[in-house]
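S.K.:
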Amino acid sequence: MALTAVTALAALSACANGGGEAGAGAAGAAGSRNIGVLLPLSGPNAALGSEMLAAARLAVTGSVSRAVGPQGHGAQGGAGNNPGALQIDAHDTATTGGAAAAMQAALASGDGIVLGPLTGADTGQISAMARQAGTPMLAFTSDVAQAQPGVWILGVTPEQQVDRLVSAAQAEGRRQFAAFLPDNPLGRALGEALSRSCQARGLAPAQIVYHATGADAITTGVATLSAYQSRVDAANGAASSASDALPPDLAAALNHPPGATSAIAAPKPLDGSDDTASAGGAPTASGAVATPAATTPAELAAPPFDALLLGDTGLALKSTIDALAANKVTRDKVRIMGPGLWAAFAGKLGGLAGAWYAAPDPANRRAFVQAFLAQTHRTPKPLADLAYDAGALAGAVNTATGGGGYPIAELTRQQGFAGVDGVFALTPDGRTTRELAIFEVQTGGGSRLVSAASRRAAPAPGAS
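Following our numbering, the numbering of the sequence shown begins with 19 at its first residue and continues without gaps.
#1: Taking C-alpha atoms, which residue in S68, A77 and G209 lies nearest to T111?
#2: Alpha carbons only, please: which of V132, L76, A319 and G115 is nearest the one belonging to A410?
#3: What whole-angstrom Cβ distance do V4 and L212 have, given they're in contact under 8 Å?
#4: Among the residues of its own chain, which have a CB less than 6 Å from the CB of K351, if the five just before and after it don't count?
#5: Quick one, are the C-beta atoms of A405 and A74 less than 8 Å apart?
#6: Mind checking which residues open and close the alpha helix (DSSP H) that includes Q217?
#7: Would you check if there are 3 or more beta carbon pairs closer than 8 Å linking the stretch 183-199 to the stretch 207-227?
#8: For S60, which of helix, strand or coil comes out of DSSP?
#9: So within the stretch 352-437, which uninterrupted beta strand (DSSP E) runs reach at least 3 residues, ignoring any that extend past its ends?
#10: My guess is that G332 and G356 are in contact by the Cβ rule of under 8 Å, so how many angstroms apart are they, rounded?
#11: In the DSSP output, which residue or residues are listed as bridge partners for Y228?
#12: Which same chain residues, not among the five before or five after H274, have their C-beta less than 6 Å away from its C-beta?
#13: May I ask which residues mark the beginning and end of the alpha helix (DSSP H) holding E177?
#14: Where does D251 sit, in a helix, a strand or coil, going by DSSP?
#15: Please classify R439: does DSSP put it in a helix, a strand, or coil?
#16: DSSP three-state call for A222: helix, strand or coil?
#17: In angstroms, rounded to a whole number, what distance separates the CA positions of Q178 and G54?
#18: According to the Cβ coordinates, are A108 and L59 closer than 8 Å?
#19: In the DSSP assignment, what are the bridge partners of S469?
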C-alpha cells in the first residue's frame with residue numbers, strides 16, 4: 019500500500035510540475051533556486067512546524083528523513099547533496115527574534131522563494147521585508163488582510179468558502195441571502211465575504227446581523243432577522259380577514275369545532291426535536307398541554323431570505339439552532355449554510371440536517387496521507403497539506419523556468435497548480451483560489467458530499 023501511495027503522490031507532483039517540461043511561459047529574471055521555509059521548529063508549536071517542513075520536503079525532494087539542523091537554520095532537504103536538485107533552507111520562527119530573524123536568515127541565505135510563516139501575525143511582521151527584497155512569499159495563514167502583491171495566503175479562507183456556497187445556493191434557485199454571525203473576526207470575515215459574493219453575482223444585498231454572546235442575544239437577533247413578529251401579525255391578519263368574510267356562527271365553528279383541540283401543527287424544527295412548546299402549546303405542571311391563544315397562526319410565511327449563513331460553533335451554535343426553531347426558520351424554506359469548521363464536528367450537527375458547508379474533499383488527500391505515513395510513520399495534520407502544496411508549486415515554477423527563479427507571471431499562471439486538496443491558483447493581489455466541495459449535514463450526524471469540487475486540471479507550465 020505504501021508503495022502505491024508514493025507512486026500516486028509522485029503522479030500528483032508530476033502534474034504540478036507539468037511533467038517536467040518547461041513551456042513558453044517560463045521566461046523570467048534569473049534568481050536563486052533555493053527554497054526558504056519559515057516555521058516554528060522549536061517551542062510549543064515545534065511538532066506542527068516539523069510536520070509541515072516534512073510535507074514541504076516530500077513535495078520538493080521526495081525525502082523527509084533528514085533531521086532539521088540546529089534551531090532549524092540552514093537545514094537542507096534530502097536532495098541537498100545533488101547540485102542539480104532544489105535545496106530547502108529551514109528557518110525557525112520560534113527562536114529569538116521570531117519571524118523577522120527567520121526572514122533575515124532566509125534572505126541572507128539567498129533563498130529565491132519563502133514558504134511560510136504559519137500565522138497571520140508573523141506574516142504581517144515580515145511581509146514588507148519580503149516585498150522589499152523582491153522575494154515571493156507563500157504564507158500558510160488564512161487571514162485575507164495579509165494578502166498583497168508578492169505575498170500570498172494559502173489557507174482556506176472564509177471568502178473561498180462563502181463564494182462556493184453562494185454559487186451553489188444560487189444554482190438551486192436561492193436569491194435572498196442573509197447571515198447571522200458572531201461579532202468576532204471570523205464572523206466579520208464571513209459577513210464581508212457574503213456581501214462581496216452577492217454583489218459580484220448580481221444578487222440583492224445580503225441582510226447581515228452580528229450577534230453578541232449569550233442565548234438571549236441570539237434568540238433576539240434571530241427573531242429580528244427573520245421578521246418573526248411581522249410574519250405572525252401577517253398570518254393572524256390573514257386568518258382574521260378570512261373569518262370576517264363568514265357569518266359569525268360559522269367562523270366560530272370553524273375556529274373551534276366541537277371536540278377538537280386547539281393545538282396547531284407547526285413546521286418540523288431544524289433539530290428534529292418535539293416542538294410542542296412552540297407549536298401547539300407548552301406542557302403544564304400536570305403534563306397536560308396548554309392551548310395557545312386563538313390568534314396563534316397555523317403557518318407562518320417564509321422569512322425574508324431563502325439562504326442563511328451561520329458562523330457559530332459550540333454552545334453558541336446550539337443556541338442558534340434553538341432560536342431558528344423557535345422563530346420558524348425551517349429547512350423547507352431556507353438553505354442553511356456554515357463555515358468549513360463544521361467539518362471537524364459534523365457528527366454532532368444532526369440539529370442542522372440539510373445545512374451545507376464548503377471544504378476541501380478529504381478523498382483528494384488520501385494519496386498524500388499514505389505517502390506521508392510511509393515516510394514519517396505518522397498521519398499528517400490538515401495544515402501539512404498547505405506546506406506540501408507550497409513545495410509542489412515551487413517545484414513546478416522551478417521546472418517551468420529551467421531553474422531561473424520564481425517570476426510572478428509563472429506563480430500566477432491562470433491554470434493553477436495541482437495540490438493535495440485539489441487545484442489551486444495564485445492571483446496577482448495575493449489571494450488563492452481553490453476548488454472546494456459542498457457537503458450536507460445528515461439527520462443522524464455526519465455529512466455527505468453533494469457537489470464535488472471542479473475537476474479542472476492544472477496543465478503543464480506555459481500551456482494555453
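Backbone N, C-alpha and C define an ideal beta-carbon position, used for all residues, glycine too.
M.R.: Taking the coordinates as given:
#1: The residue labelled residue 111 in the question sits at position 93 within the sequence shown. Considering only alpha carbons, the answer is S68.
#2: As a first step, residue 410 must be located in the sequence shown, where it is residue number 392. Cα-wise, what sits closest to A410 is L76.
#3: Any property of residue 4 remains undetermined from this structure, which presents the chain solely from 19 to 482.
#4: Start at 1 with the first residue of the sequence shown, and residue 351 comes out as number 333. Excluding positions up to five away in sequence, the list reads A320.
#5: Sequence index remark: in the sequence shown, residue 405 carries index 387 (1-based). Sequence index remark: in the sequence shown, residue 74 carries index 56 (1-based). Closer than 8 Å, so yes.
#6: Along the sequence shown, one-based indexing puts residue 217 at 199. First-last of the alpha helix (DSSP H) with Q217: P203 to A218.
#7: Contact between the stretch 183-199 and the stretch 207-227 is established, with three or more Cβ pairs separated by less than 8 Å.
#8: Within the sequence shown, numbered from 1, the residue matching residue 60 stands at position 42. In the three-state DSSP reduction, S60 falls in the coil class, being neither helix nor strand.
#9: Qualifying beta strand (DSSP E) stretches, in chain order: 353-356, 374-377 and 435-437.
#10: As a first step, residue 332 is located in the sequence shown; it is residue number 314 there, counting from the start. As a first step, residue 356 is located in the sequence shown; it is residue number 338 there, counting from the start. Incorrect: roughly 13 Å between the Cβ atoms, too far for contact.
#11: Position 210 of the sequence shown, counting from 1, holds the residue named residue 228. Paired residue(s): L199.
#12: Numbered from 1 along the sequence shown, position 256 holds the residue referred to as residue 274. Note that H274 scores a pLDDT of 48, beneath 50, so its modelled location is shaky and nothing firm can be said.
#13: To locate residue 177, count along the sequence shown from 1; it is residue 159. For E177, the enclosing alpha helix (DSSP H) begins and ends at P176 to A189.
#14: Start at 1 with the first residue of the sequence shown, and residue 251 comes out as number 233. Three-state result, D251: helix.
#15: Position 421 of the sequence shown, counting from 1, holds the residue named residue 439. Here residue 439 turns out to be Asp, not Arg, going by the sequence shown. Coil at D439, not helix or strand.
#16: Here residue 222 refers to the residue found at position 204 when the sequence shown is read from its first residue. Taken through DSSP and simplified to helix, strand or coil, A222 comes out as coil.
#17: Residue 178 sits at position 160 when you count from the first residue of the sequence shown. Residue 54 sits at position 36 when you count from the first residue of the sequence shown. So the alpha carbons of these two residues sit roughly 27 Å apart.
#18: Position 90 of the sequence shown holds residue 108. Position 41 of the sequence shown holds residue 59. It is a contact, given that the beta carbons lie within the stated cut-off.
#19: Here residue 469 refers to the residue found at position 451 when the sequence shown is read from its first residue. Per DSSP, I456.
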